[in-house]
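Chains as they are written, first to last, in our numbering: chain A, 107 to 222; chain B, 8 to 125.
Each remark here refers to the structure printed beneath this line.
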């Protein structure tokens, strides 16, 4: 089975530009998470969805960040306008709610974002 | 709120030997899940092993095993017969079983950087 798929893997952009990160969760998973990892702050949960509905977005740093999940197989995280302090690795992750493997969160390979 | 603490920022082990990484957590809940994730230089987060709090038996996955002490809120990872490919950052993580609250989130420790010496 395919794991969580993220794109792009690497992105370098100029300050002020819009950045869109994409995620395809594992088929059948009903929860999706966006995490950010930096040296200073470690791993932070930005937002998560259950059944395509945003449940907790308290980790979204500011209004420049937005996330959508239009259907069960796709999600986006958008930063507009981007700033150098947004440089980080952004992870998408997904999980099942129940079942033998329920409650285990599987991560994508991450999107490395550099804002110059 | 739950917290996870990894008190060893760095550890090293000789190839083929055994190493134990420590993790403690704080929670008032009785039902939860614990995980160890491995993050190699590629930055990918790879699940190593998981433990359900209601299970007394310690989880094992090949060369990886845990020592889960629920009363002490301790969850250590033992890596046997260490291999060069085991070198990575290891994160301990907690997840509540209560989906209705913010318990769906994973709470991570600070990580332990493991070096494997040939």
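Ideal placement from N, C-alpha and C gives every residue a C-beta, glycine not left out.
Worksheet entry | Nearest-angstrom Cα separation, counted from residue 141 (chain A) out to residue 167 (chain A) | 12 Å
Discussion item. I believe residue 183 (chain A) touches residue 127 (chain A) by the beta-carbon criterion, under 8 Å. Please report the beta-carbon distance rounded to the nearest angstrom.
Written reply: 4 Å
Worksheet item: Nearest CA to the CA of residue 46 (chain B): which residue from B:104, B:114, B:99?
Response: B:99
Worksheet item: Roughly how many angstroms lie between the CA atoms of residue 129 (chain A) and residue 192 (chain A), to the nearest whole one?
Response: 18 Å
Practice prompt. Quick one: measure Cβ to Cβ for residue 96 (chain B) and residue 213 (chain A), integer angstroms, because I've assumed they're closer than 8 Å.
Written response: Not quite, the Cβ-Cβ distance comes to about 13 Å (not below 8 Å), so this is no contact.
Discussion item. Per DSSP, what are the beta-bridge partners of residue 77 (chain B) in this structure?
Written reply: According to DSSP, which records beta bridges pairwise, residue 77 (chain B) is partnered with nothing at all.
Worksheet entry | Neighbour list for residue 52 (chain B) in chain A, Cβ cutoff strictly below 7 Å | 197, 213
Worksheet item: Which residue's Cα is closest to the Cα of residue 188 (chain A): A:145, A:111, A:117, A:113?
Response: A:117
Item to complete: Out of B:92, B:101, B:93, B:91, point me to the one whose CA is closest to residue 37 (chain B)'s CA.
Response: B:101
Discussion item. Measuring straight from C-alpha to C-alpha, what distance separates residue 66 (chain B) and residue 57 (chain B)?
Written reply: 7 Å
Worksheet entry | Where residue 210 (chain A) meets chain B, residues with beta-carbon distance less than 9 Å | 40, 42, 54, 57, 102
Item to complete: Please list, in chain order, all residues of the same chain as residue 119 (chain A) whose beta carbon is under 7 Å from its beta carbon, the five residues on each side excluded.
Response: 125, 188, 221
Practice prompt. Give me the Cα-Cα distance between residue 139 (chain A) and residue 103 (chain B), rounded to the nearest whole angstrom.
Written response: 15 Å
Practice prompt. Rounded to whole angstroms, what's the CA-CA distance from residue 63 (chain B) to residue 120 (chain B)? Just pull it up for me.
Written response: 28 Å
Item to complete: Report all residues from its chain with a CB closer than 6 Å to the CB of residue 155 (chain A); omit the five preceding and five following residues, and keep chain order.
Response: 138, 175
Practice prompt. Flag this pair as yes or no: are the beta carbons of residue 105 (chain B) and residue 216 (chain A) separated by less than 7 Å?
Written response: no
Worksheet entry | Residue range of the beta strand (DSSP E) that includes residue 150 (chain A) | 148 to 156
Item to complete: Would you tell me roughly how many angstroms separate the C-alpha atoms of residue 115 (chain B) and residue 123 (chain A), rounded to the nearest one?
Response: 31 Å
Worksheet item: So residue 94 (chain B) and residue 122 (chain B) are in contact, right, with Cβ under 8 Å, and what is the actual spacing, rounded?
Response: 6 Å
Worksheet item: chain B beta carbons: is any one of them nearer than 7 Å to that of residue 216 (chain A)?
Response: yes
Item to complete: Just the C-alpha distance for residue 55 (chain B) and residue 61 (chain B), rounded to the nearest angstrom, thanks.
Response: 19 Å
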